[in-house]
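If you're matching positions, the sequence shown starts at 144 in the working numbering and goes up one per residue. Note that the Cβ used here is the ideal one computed from N, Cα and C, for glycine as well. Quick caveat: nothing in here was measured; it's all calculated off a predicted structure.
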Amino acid sequence: MIVSSKKILLEAQSGKYALGAFNTVNLETTRAILEAAAELRSPVIIQMTEKTFQYGGGHAMYQLVKNLADFYFPDLPLAIHLDHGRNTDVVREALAIGFKSVMMDASTLSYEENVAMTQEIVTEAHTKGAVVQGELGNVPYKGEVTDVEHMDWDKYMTNPAQAEGYVRATGVDTLAVAIGNAHGSFPERPTPDFDRLVAIRERIHLPLVLHGASDWQEMNVKKAIELGITCFNVETATKTAFLNTLRQTLNESNEVDIRKILMPAREAFKAAVKTKMKLFGSEGKAVV
Ligand code: 13P
Ligand code: ZN
């Protein structure tokens with residue numbers, strides 16, 4: 144059953160656990176996420192990016208997730224979310240398709256531009272009954288940083304006082320924060336800046352989202368939840384599990400049935416989703 148991401152995030156926030164927001168790109172990854180959630184009775188956010196719109200078609204991908212959920216998992220609470228909408232066109236496209244949860248990621252722009260663009264989208268989204276995630280500070284990607292070895296992390300971190308003003312000015316429903324987290328295989332800040340997270344949490348009472356933490360040690364994930372993170376975006380951990388298994392299957396057999404080649408990879412993706420759900424504490428929390 145498709146529900147509002149805000150509803151399940153607020154439930155997670157008050158229950159002191161976190162949700163996984165898992166990126167999907169196709170049928171295999173969508174089924175893996177849904178099956179994992181259903182087997183663990185975990186609420187879940189399934190999300191996709193602009194690149195997935197380009198790959199599969201935004202409408203088609205949205206309907207794929209919705210149809211699978213409606214037909215096969217009618218009592219599973221799940222939200223469908225646009226991840227990293229980097230421009231207003233793609234966010235508007237998602238809203239027109241029917242997404243009720245979108246990210247306006249203007250985090251690489253100046254503070255003023257980020258506020259203006261996000262505020263504009265929040266107004267439009269709220270009239271359509273959709274909720275918006277903003278990002279302040281910036282969670283870096285490998286390709287976007289020239290000198291990864293000598294990162295000036297302070298430039299990327301969320302400023303707690305500024306975040307308070309950002310939330311007030313934009314009206315966002317959830318906020319992605321930067322405390323030393325980084326996307327993909329980027330070498331992270333050696334330790335997350337937990338004092339900063341505490342300072343953000345003291346000022347902001349909305350659900351806080353952590354991108355780029357799928358390679359974090361369990362200890363740090365648990366601490367982040369304890370200190371106020373309510374949602375973890377996960378792509379690298381699940382993608383790596385899928386690809387490693389797919390490579391192994393292809394190397395070890397001459398199978399010609401595409402389904403038999405993809406199934407073990409799909410199962411590995413599903414197992415990685417389950418591992419994260421258990422770590423986040425969302426297992427057994429599905430109530431419809
Ligand atoms: P990871 O690369 O750590 O999985 O982060 C994914 C993400 O933030 C997607 O928005
Ligand atoms: Zn992200």
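Item	Value
F281: CB within 7 Å of a non-hydrogen atom of the ligand ZN	Reading the sequence as shown, one finds Asn at residue 281 and not Phe. Because no heavy atom of the ligand ZN lies under 7 Å away, the Cβ of N281 does not count as near it: no.
Near the ligand ZN: N230 beta-carbon under 7 Å from a heavy atom	no
Paired residues, beta bridge with N166 - DSSP	Q190
Three-state secondary structure (DSSP) of M144	coil
At least 3 beta-carbon pairs within less than 8 Å: the stretch 397-407 vs the stretch 336-351	no
heavy atom of the ligand 13P below 7 Å from A203 C-beta	no
CB of L340 within 8 Å of CB of F375, strictly	no
Extent of the continuous alpha helix (DSSP H) run through N210	G201 to Y215
Simplified DSSP state of L318, which is helix, strand or coil	strand
For D297, three-class secondary structure by DSSP	helix
Beta-carbon proximity check, A408 vs F423, cutoff 8 Å	no
heavy atom of the ligand ZN below 7 Å from N257 C-beta	no
Integer Cβ distance of H224 from Y284, believed to fall under 8 Å	That belief does not hold up - the Cβ atoms of H224 and Y284 are roughly 19 Å apart, past 8 Å.
G280 versus K417: straight-line alpha-carbon distance, rounded	30 Å
Lining residues of the ligand ZN - beta-carbon closer than 5 Å to any non-hydrogen atom, in sequence order	H354 and N376
Cβ-Cβ separation, A161 to I372 (assumed contact under 8 Å), whole Å	6 Å
Unbroken beta strand (DSSP E) run spanning D226, endpoints	L221 to G228
C-alpha gap between L219 and V430, whole angstroms	8 Å
C-alpha gap between W359 and E255, whole angstroms	31 Å
Status (buried if at least 16 other CB within 10 Å, exposed otherwise) for D248	buried
Burial state of Y299 (16 or more Cβ within 10 Å)	buried
Stretch-stretch touch, CB-based, cutoff 8 Å, three pairs: the stretch 165-177 with the stretch 286-306	no
The beta strand (DSSP E) enclosing Q276, as first and last residue numbers	V274 to L279
Selected residue, minimal CA-CA separation from K382, among M260, R344, A203 and N166	N166
Residues near S250 by beta carbon distance below 6 Å, same chain, minus five either side	E278 and N281
8 Å Cβ cutoff met for M191 and D226	yes
Anticipated Cβ contact below 8 Å, A356 with N324, distance rounded	5 Å
Assigned secondary structure, N257 (DSSP; H/G/I helix, E/B strand, else coil)	helix
beta-carbon S396 near the ligand ADP non-hydrogen atom, thresh 7 Å	As presented, the structure is devoid of the ligand ADP, carrying the ligand 13P and the ligand ZN as its sole ligands.
Beta strand (DSSP E) segment containing L422, residue limits	Here L422 belongs to no beta strand (DSSP E); instead the alpha helix (DSSP H) covers I401 to F423.
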